[in-house]
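Novice:
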Amino acid sequence: MKQLNLFVLACLLSTILLGQSPNTAYPLFDEAGIAAAEKTYQEVVEGTLLSIDPNMLKALRAEAPGRLSVDIPLRSGKSLALELERIQIFSADFKVESSRGGRAHGLDFGIHYKGRIKGHVASLVSFSIYESGVAALMSDGRHDYELAEVEDRPGRYIVYKTADLEERIKSQLFRFQCHTERSGRGLPVYSEDQLFGAGASRNGCKVIQVYLVSDFSFYEVNGSDLAETTNKLISVFAQTITIYDAESINMVMSGIFVWDSEDTFDEGADAEVQRDQFRDYYNGDGAGWPGDLAQLISGFPGTGGGGIAYFDGLCTEDSYALTRAGGDAPILPWTSYSRFVKVLTHEIGHNLDSRHTHACVWNGDNTQIDDYGNASPGGAEVDDAEGGACFSDPAILDVTPTIMSYFDSFGHGEFVMTNGMGTQPGNVMRNYIDNASCLDDGSNVPPVAICQDVTVQLNSIGDAVTTAAAIDDGSYDACGSVQSLSLNVSSFTCADVGENPVMLTVEDDNGNTSTCTAMVAVEDNVSPSAWCQNATVELDGSGTGSVAVSSINNGSADACGIQSLSLSETAFTCSDLGPNTVSLTVTDNNGNMASCEATVTVEDNTDPVAACFSGTVLLNPEGLYELQLEDVYDMAGSSDNCGITSVGFDPYTFDCDDLGLSIMVGVTVEDERGNSNSCTAEILVEEGAALPVPWYEATIGNAPGTLGAYSPCTGTGEFSLETGGLNPINGPQDNLGSILQTVCGDVSITAQVSDVANGYAGLVIRESTAAGSRYVGLYTAGSSIYRRESRAVPNGPKQAALYMGSTAGWMRLERQGNLVRLYRSFNGVQFQLLTQVFINLPACADIGLAVFSIRPGQDGTATFTNVSLAGAGPALKGAVVPANHLGLKEGEPLDAPGMFLESLSGSSVLPSQAKVYPNPARGQFTLELGSPLEAEATVVLRDQLGRGVGTKRLEPGQAQSVWDVSGLPVGLYLLQIGQADAADCYLRVTLER
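Below, the structure is given as C-alpha cells:
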C-alpha cells in the first residue's frame, strides 16, 4: 500500500460549497472586448471572443480567495455567472519532474476551483487560474462550455459550446475505440451488491492518488514548453477530479512526469502496445512513482484520440492507462477540454474496474445499459461489439449517456459532463475502492481548512477581536472530526486598520493539521468624540476677526487619533456681531467624522474715529443760520471698523449777535455696538449775502459784473448792488444791474439809497427784465437831484428828467394800475410827490432796486437800506388801467409843482453844444452856448432846494455868459436855460473851493 500524505483533500461536498458566505466578485473579462468568434475562427460555428483584464488576473492569483464569483459574458448579452469554491488537487508531496532536468522548480501550479453556474441546479464547473491565464470547463446540464486562451493571442480568450465546434473537428475528436484488458484475467462481471449496494459514502475516506506522465509527443504538442505541458495536465486533471468528486470518489494528483526528451514508448504502435510499454517501464526502470494509478498522456492521435486501460488497477501491477490527446484543434493551444477530460476520466473508470455501459454485465441479469457501443446511430449492429451477445433489437439508444458509454464515440452525439458515471458504473467503482486494501484509511489525512474573509470593527478604545470560528468557513475532516481551530492573530488595534492576513490552523482528532489564510479587514467606524467650547472674537480696526480651531476645540479625541479639525467658519466681520453658531468637525485618521457646535460671540470694542470741520457759516437773509450736521461733521474723515450708525452734535441757531464769533461745537459719533468718540468743530459766523426770497438778481441788457447782496445784520437789513452797465440818458440803451421781485397788482416800494458811487441808484418797475422793455425808474447819484427815466414804447427811446430830491436818498415808487407815482423824502416818514407817469404795464411787473454806472470801466455801486414793499394786491384786470382822469398820454409825466428841474430829453431851440466850463468851477464859470442865440433866453442858477440864486437875460446873437459865483457855497447847482415856446434846458454845475 502506498503511503498517502495529502495536503488537502479535494472531496468538498456540493452542500458545503453552496451553503457558505457570499462570494467576492472578480470582473475578469472586459465586456468592451466581446466579439463573435466565428467571424475570425471557422473552427466554431458560434462562440464568443473575450479580453481578460491582466490587472484583475494578477490580483486574483495573488489573493487566491476561498470563494469567488466570475461572470463570463457571452455575445448574446447574457453571461455564465460562476460561483466557485477553491479546492486542493495535490498531495502533500506533489512534484513535477522531467526526463532532462529532474525536479522542476519555479512553475506555477495555479489555484483551482469547483462550483456551479448560478441559476442551473444540475451544473458543474471546474476553473483553474494561473499567473498567465485561466482555463475552464463548464456544464449547465444541457451543454458543455469550454474556455481557453486563443493560440498566439495572449490575453484573448474564446468561450464556446462543445457542440458548436465545426463538424470536421468533432468528427476527429468524438471517435475512439477504448480497449480494456485484465492482464490475462477474465473481464469483470458484477454481483447485485456491486451494482446496487454502494452509495455515496465517500468510500470510507479512501483517497486515490493519480500520477500523470506526458510522453515526448505530448510535450511537443504543447510547444515543447514544460510550463505549458504541466499546466495542461493540471487543468485537465482538476476537471477530472471535479467529476469524480460529484461521484463521492476522493482523488488527488500525486505528481507529474514530463518526457522532454525522447521516451521509450512507441507512439506509432497500437494503443495497447504503447500502454504495455508504459506499464513495463514503470514496473521496471521507472518503479517507485508516487500514487495508486498512473496514466500516460500521449500527443499521438492514435485511434481518434482515444485511450486504453487495465481493469482492476488498484493494488496490482496493472495500475496503468493511456490517453491519447493529440487530436487536431487548431484554434486552441490545447485540444478540446471536454474530449480530453472525458477520455482521461473514462480510462480511470476502467482502472477502477468499470466496464462500458454497452457490455453484457449490467442490470443484475448480464444485459447492457445501452447500445451506444453496439450499434450505429441508425440502430445497425457494429462488428465485434463488446455487447454483441446481448444486443437488443431494436437497439437501446434512448437512455442518458454517461462517461462510461460510447455515445459520443460512435457518432450518436455529444453529452454533458454532469451526466457523470451513471448509477451502476458509479456503484461498481465505489465498491471496488471500498475493497481496495492498498488504499490509506485516511487516519493520516489532514483536515480540510476553509477560510473566509471577515471584517471587524474597532471599538471606542481602538480595539477589535475576531475568533477562529468567525474565520472558519466550513473546515472539516473527511475521516474524523475537527478538534480545534486556532488563529495566529486575533486581536487588532488602530495600527491594523485595513487588510490583515491571518492564518487559521485546523486540527483533527488524529492530530493532523491544515491551514488556510484569510484577510481580516479591520475597520474603524467609530466616530471621534467632538467637544466644543464657546469663544469670543474681538474685531480689529479693519472690522475683521478670526477664531482658531484650538479656541473652539475642548479636548476632542479619538482612539485612533485625530487627522484634522476644521471649523465651519473662522473669519468674522461686522455683519457677524453678536452670537454666531459654528460647527467644529473632527475627522479621525480613518475618515470618521463627528461635529459639535459652539457659540462665537463677535464683539466690536473699537471706538470710531470722529473728524470735524472747522469752517464758516453765513447768516441767511433773516439773519439766522441753523447749524447743519454737514457744517461740523467730516464724514469722509470719520470712520469706524463696523460703520458709524449715529452722529450727534450740539444744536445751534446763529443770529446777528454771533456775527464774527468763533463758536466751538461738539460732535459725537457712535457705532452699532455703542462705541463712541467726539471731536470739536470751530465755526466762524459771518454775514451772508443771499437775497431774501422773493428778491432775485437780474442783469438788464449789457450790465457786466452785476452783483446783488443783502446784509441782514445791518440796521433793518441792507441791500448792496453793483454793476458795470452804462445807461446813457438818451437813446434806447437799457443797461442795469437790479434786485427785483415780481409783484402783481398795485404796489408801493420804499427805499433809502444810503450810498452811491460812480453812477445812479434807485427804484424801478419794469414790464420784464428784457432790455428795451417798458419801465419807470427814479434814481439818485447821491445829491439832492433825482433822475426820472421811463420808456413807454418797447425798444423805443427813454424819457428822462431831473427833479429836486433829497440828499438823504429816500424815495418811493408806487403803482396804481398803470399810473406810477414817484416820491421823495428827507426823513423817510413824510414823502412828497415828484411826478407821476402813465405807462402801460402788465398785471404782474418786476419791481425793485437798480444801479447803473456813469463811468466806463468802473462799476457803479450802491447801498439800499430801509427797503420795504407794501400794497401788493391781486393781478389787475386788463393790461392797462386808463388814466384819463389825469388827461395824460401814455409815457407823459405829470410833475408836482416846484419839483421839476430839467428835461433830459425832448426838443430845444438852444444849441445842443451848450456847456459850462470849468466845471467844477471855483469863483466863476462860463456858459458857452456853442452858437449865437436865435431868440432871447433867461438863465437861472438854482441850488439843491430849487431856489434861484442868480438870474441873467441873454440877448439874441449872444453865445456865452460869464457867472461870478464866488459868494456861493460849494455844492451842486442847476443852470436852467429857458426860451419861449421851448422846453427848458438844464446844465449841472459843481462849485468847489
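Mapping of the sequence shown onto mature numbering (1 follows the signal peptide of the UniProt record, and there is no 0): residues -25 to -1, 1 to 968, in sequence order. Where a beta carbon is used, it is the ideal one built from N, C-alpha and C, also for glycine.
Taking 9 Å as the cut-off, decide whether the C-beta atoms of residue 808 and residue 688 are in contact.
Specialist: Along the sequence shown, one-based indexing puts residue 808 at 833. Along the sequence shown, one-based indexing puts residue 688 at 713. Their beta carbons are not under 9 Å apart, which means residue 808 does not touch residue 688 by this criterion.
Novice: In this structure, does DSSP put residue 170 in helix, strand or coil?
Specialist: Position 195 of the sequence shown, counted from the first residue, corresponds to residue 170. Residue state, collapsed to three classes: helix.
Novice: What residue range does the beta strand (DSSP E) around residue 90 cover?
Specialist: Locating residue 90 in the sequence shown gives position 115, where the first residue counts as 1. Its beta strand (DSSP E) spans residues 86 to 92.
Novice: Could you tell me how far apart the beta carbons of residue 577 and residue 614 are, in whole angstroms, since I believe they sit closer than 8 Å?
Specialist: On the sequence shown, position 602 is the one that residue 577 refers to. On the sequence shown, position 639 is the one that residue 614 refers to. Actually they do not touch by this definition, with Cβ atoms about 19 Å apart.
Novice: With three or more beta-carbon pairs closer than 8 Å as the criterion, would you say the stretch 766 to 785 touches the stretch 824 to 831?
Specialist: No contact exists between the stretch 766 to 785 and the stretch 824 to 831.
Novice: Using the Cα positions of residue 306 and residue 22, report the straight-line distance between them to the nearest angstrom.
Specialist: As a first step, residue 306 must be located in the sequence shown, where it is residue number 331. As a first step, residue 22 must be located in the sequence shown, where it is residue number 47. With a pLDDT of only 42 at residue 306, under 50, the local geometry of the prediction cannot be trusted, and no value is derived from it.
Novice: Spell out a yes or no on whether the stretch 310 to 325 and the stretch 334 to 349 are touching, meaning 3 or more CB-CB pairs, one atom from each, closer than 8 Å.
Specialist: Short answer: they don't touch.
Novice: Counting pairs of Cβ atoms below 8 Å between the stretch 184 to 196 and the stretch 230 to 239, do you hit three or more?
Specialist: Flag = yes, the stretch 184 to 196 and the stretch 230 to 239 touch.
Novice: Relative to the C-alpha of residue 529, which residue among 673, 203, 64, 573 is closest?
Specialist: If you number the sequence shown from 1, residue 529 lands on position 554. Of the candidates 673, 203, 64, 573, the one whose C-alpha sits nearest the C-alpha of residue 529 is 573.
Novice: Measuring CA to CA, which of 896, 949, 945, 910 is closest to residue 923?
Specialist: Locating residue 923 in the sequence shown gives position 948, counting from the first residue. Of the listed residues, the one whose Cα sits closest to residue 923 is 949.
Novice: For residue 552, does the count of other Cβ atoms within 10 angstroms reach 16, so buried, or fall short, so exposed?
Specialist: The residue you call residue 552 lines up with position 577 of the sequence shown. Buried is the call here.
Novice: Using the three-state DSSP reduction, which class does residue 768 fall into: helix, strand or coil?
Specialist: Locating residue 768 in the sequence shown gives position 793, counting from the first residue. If DSSP states are grouped into helix, strand and coil, residue 768 belongs with coil.
Novice: Does DSSP classify residue 255 as helix, strand or coil?
Specialist: To locate residue 255, count along the sequence shown from 1; it is residue 280. Helix.
Novice: Taking all protein chains shown into account, decide if residue 469 is buried (16 or more other Cβ within 10 angstroms of its Cβ) or exposed.
Specialist: Residue mapping note: residue 469 aligns to position 494 of the sequence shown, counting from 1. By the 10 Å Cβ count, residue 469 comes out buried.
Novice: Which residues share a DSSP beta bridge with residue 78?
Specialist: As a position in the sequence shown, residue 78 is number 103, starting the count at 1. Bridge partners of residue 78: 72.
Novice: Residue 979 and residue 102: beta carbons closer than 9 Å?
Specialist: Nothing about residue 979 can be read from this structure; the chain reaches only from -25 to 968.
Novice: Name the DSSP bridge partner or partners of residue 26?
Specialist: If you number the sequence shown from 1, residue 26 lands on position 51. According to DSSP, residue 26 bridges with 5, 131.
Novice: Take every Cβ of the stretch 249 to 264, pair it with every Cβ of the stretch 368 to 376, and state whether three or more of those distances are shorter than 8 Å.
Specialist: Counting Cβ pairs under 8 Å, fewer than three are found: no touch.
Novice: Where does the unbroken alpha helix (DSSP H) through residue 396 begin, and where does it stop?
Specialist: Locating residue 396 in the sequence shown gives position 421, counting from the first residue. Note, residue 396: premise wrong, no alpha helix (DSSP H); not H, not E.
Novice: For residue 491, which residues from the same chain have a beta carbon less than 8 Å from its beta carbon, with the 5 sequence-adjacent residues on both sides left out?
Specialist: Position 516 of the sequence shown, counted from the start, is the residue given in the question as residue 491. Cβ within range, chain order: 41, 424, 425, 426, 450, 478, 479, 481.
Novice: Going by Cα to Cα distance, which pick from 673, 697, 608, 664 is closest to residue 657?
Specialist: Locating residue 657 in the sequence shown gives position 682, counting from the first residue. It is 608.
Novice: When the distance is taken between beta carbons, is residue 802 closer than 9 Å to residue 691?
Specialist: Indexing the sequence shown from 1 puts residue 691 at position 716. Indexing the sequence shown from 1 puts residue 802 at position 827. Going by C-beta atoms, residue 691 is not nearer than 9 Å to residue 802.
Novice: Just the C-alpha distance for residue 388 and residue 334, rounded to the nearest angstrom, thanks.
Specialist: Here the question's residue 388 lines up with position 413 in the sequence shown. Here the question's residue 334 lines up with position 359 in the sequence shown. Near 20 Å, if we compare the C-alpha coordinates of residue 334 and residue 388.
Novice: What whole-angstrom Cβ distance do residue 655 and residue 616 have, given they're in contact under 8 Å?
Specialist: Residue 655 sits at position 680 when you count from the first residue of the sequence shown. Residue 616 sits at position 641 when you count from the first residue of the sequence shown. Not really, about 23 Å apart at Cβ, beyond 8 Å.
Novice: What does a CB cutoff of less than 7 Å around residue 455 pick up in its chain, not counting 5 residues either side in sequence?
Specialist: Here the question's residue 455 lines up with position 480 in the sequence shown. Cβ neighbours of residue 455 beyond the five flanking positions: 483, 484, 485.
Novice: By Cβ distance below 7 Å, which residues in the same chain neighbour residue 29 in space, the five residues on each side in sequence not counted?
Specialist: The sequence position of residue 29 within the sequence shown is 54, counting from 1. 130.
Novice: On the three-state DSSP scale, how would you describe residue 319?
Specialist: Looking up residue 319 in the sequence shown gives position 344. In this structure, residue 319 counts as helix in the three-state DSSP scheme.
Novice: Looking at C-alpha atoms only, which residue of 352, 828, 908, 514 is the closest neighbour of residue 928?
Specialist: In the sequence shown, residue 928 corresponds to position 953, counting from 1. Of the candidates 352, 828, 908, 514, the one whose C-alpha sits nearest the C-alpha of residue 928 is 908.
Novice: How should residue 973 be labelled, buried or exposed, when 16 other C-beta atoms within 10 angstroms of its C-beta is the threshold for buried?
Specialist: Past the boundaries of the shown model lies residue 973; the chain is included only from -25 to 968, so the question cannot be answered.
Novice: Could you please give the first and the last residue of the uninterrupted alpha helix (DSSP H) stretch that includes residue 43?
Specialist: Numbered from its first residue, the sequence shown carries residue 43 at position 68. It is not in any alpha helix (DSSP H) - residue 43 instead sits in the beta strand (DSSP E) that spans 42 to 48.
Novice: Is residue 610 helix, strand or coil by DSSP?
Specialist: As a first step, residue 610 is located in the sequence shown; it is residue number 635 there, counting from the start. DSSP places residue 610 in coil when its eight states are reduced to three.
Novice: Distance, Cα to Cα, residue 705 vs residue 741?
Specialist: As a working note, residue 705 is residue 730 in the sequence shown. As a working note, residue 741 is residue 766 in the sequence shown. Looking at the two C-alpha atoms, the distance is approximately 18 Å.
Novice: Hey, would you say residue 718 sits closer than 9 Å to residue 786, going by beta carbons?
Specialist: Within the sequence shown, the letter at position 743 stands for residue 718. Within the sequence shown, the letter at position 811 stands for residue 786. No, these two residues do not count as a Cβ contact at 9 Å.
Novice: Under a Cβ-count criterion, where at least 16 other Cβ atoms within 10 Å of its own Cβ denotes burial, should residue 838 be classed as buried or exposed?
Specialist: Here residue 838 refers to the residue found at position 863 when the sequence shown is read from its first residue. Its Cβ being crowded by 16 or more others within 10 Å, residue 838 is buried.
Novice: What residue range does the beta strand (DSSP E) around residue 538 cover?
Specialist: The count along the sequence shown starts at 1 and reaches residue 538 at position 563. Its beta strand (DSSP E) spans residues 537 to 542.
Novice: May I ask you to report which of helix, strand or coil DSSP gives residue 274?
Specialist: For the purposes of this step, residue 274 is identified with residue 299 of the sequence shown, where counting begins at 1. Here residue 274 sits in coil by DSSP.
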